[in-house]
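These notes concern the structure reproduced below.
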Ligand code: AMP
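Residue numbers (our numbering): 3 to 282.
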């Protein structure tokens, strides 16, 4: 695995790979990698000729009061894991190169960026879309791999790719969970034992919701009540949002349809976790 820190060097490598007829797969991450990230790398290795994985904690998607400084980092371990999973190039750009002095250009996907996570994190998706478009321009991937864990992010990025006629195909892969159901997240490492136990209320509430829907419930309010009751029974949990939405516009549903997104954001202490389920 080669480690690339320079934007121009990465562009040259991508051009050279393409000139040899190689299909480039790309996995953007913020590091502190776990099996969820590595599932994306492995799929890229299967589907493409050359895999680029990036590690970049993107300041543009954090508000001043959020956890940019405290976001967990362990670059050496990340590099070992990326290599083990089959990455050909680890792209670790410097913040100064990604956002040079005087940086002024941002991408917005209107309306979709304001819903769900956008309600409490109004600048989040602008930051995500901006960095992902920049990374796409540098890496020039044929395929880019994202996790269903960040369902709204995948929906917004797909819209950005369509609206801006980008030549990249977005692949969305399933949520990887711990044995007890907790969706893997770099932020899980911030928990003590009690908080980690409390965090299980997210996946538990989603399982209960799916069970209720499978039993015939189609009233979104009823299902949301079940979800809320389950999470509110956990003293350490505070709901940011719990919604059932249409995946096309992310607007709330009154009646549940197959393929709808049940999305949650819940604070466990200071850590905000997300989880979701597509109605089967
Ligand atoms: P992050 O480093 O949190 O920005 O995540 C990088 C990529 O990994 C995103 O596409 C996430 O959706 C994906 N990802 C994060 N957690 C998981 C998980 N538990 N299962 C599958 N993909 C994940």
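Backbone N, C-alpha and C define an ideal beta-carbon position, used for all residues, glycine too. Predicted model only: the values in this text are computed from it and were never measured.
Query: Between which two residues does the alpha helix (DSSP H) harbouring residue 228 extend?; Result: 222–234
Query: Look at the alpha carbon of residue 111 and the alpha carbon of residue 128, and state the distance between them as a whole number of angstroms.; Result: 7 Å
Query: Which class does residue 26 belong to by DSSP, given the choice of helix, strand or coil?; Result: strand
Query: So, residue 222 versus residue 258, is the Cβ gap smaller than 7 Å?; Result: yes
Query: Can you tell me whether DSSP reads residue 4 as helix, strand or coil?; Result: strand
Query: Measure the beta-carbon distance from residue 151 to residue 33 and round it to whole angstroms, keeping in mind my assumption that it falls under 8 Å.; Result: Not a contact, Cβ separation roughly 15 Å.
Query: If you drop the 5 nearest sequence neighbours on each side, which residues of the same chain put their C-beta closer than 7 Å to that of residue 49?; Result: 27, 145
Query: Since residue 190 is in the alpha helix (DSSP H), which residue starts that stretch and which ends it?; Result: From DSSP, residue 190 is part of no alpha helix (DSSP H); its letter is neither H nor E.
Query: When the Cα atoms are used, what is the spatial distance from residue 243 to residue 117?; Result: 10 Å
Query: Taking 6 Å as the line, does the beta carbon of residue 93 fall inside it for any heavy atom of the ligand AMP?; Result: no
Query: If you measure between the beta carbons of residue 303 and residue 174, is that distance less than 7 Å?; Result: As displayed, the chain neither begins before 3 nor continues past 282, which places residue 303 out of reach and without an answer.
Query: Using alpha carbons as the reference points, say which of 71, 138, 115, 218 lies closest to residue 167.; Result: 138
Query: What would DSSP say about residue 238, mapped onto helix, strand or coil?; Result: coil
Query: Closest to residue 43 by C-alpha separation, out of 215, 100, 210, 92, would be which residue?; Result: 92
Query: To the nearest angstrom, how far is it from the Cα of residue 107 to the Cα of residue 125?; Result: 13 Å
Query: The ligand AMP: which residues have Cβ under 5 Å from any of its heavy atoms, chain order?; Result: 31, 32, 38, 39, 148, 149, 151, 152, 177, 178, 185, 186
Query: Nearest to residue 123 by alpha carbon, out of 95, 135, 69?; Result: 69
Query: In three-state DSSP terms, what is residue 148?; Result: strand
Query: In this structure, does DSSP put residue 280 in helix, strand or coil?; Result: strand
Query: If you draw a straight line from the C-alpha of residue 182 to the C-alpha of residue 251, how long is it?; Result: 32 Å
Query: Give me, in chain order, the residues of the same chain whose beta-carbon lies closer than 7 Å to that of residue 274; leave out the 5 immediate sequence neighbours on both sides.; Result: 242, 267
Query: Pull up the CB-CB distance for residue 54 and residue 141, whole angstroms please, since I reckon it's below 8 Å.; Result: 5 Å
Query: Report yes if the C-beta distance between residue 207 and residue 229 is below 7 Å; otherwise report no.; Result: yes
Query: Do residue 155 and residue 130 count as a contact pair if the criterion is CB distance below 7 Å?; Result: yes
Query: For residue 176, which option in 278, 237, 11 has the closest C-alpha, if you only look at C-alpha atoms?; Result: 278
Query: In this structure, does DSSP put residue 256 in helix, strand or coil?; Result: coil
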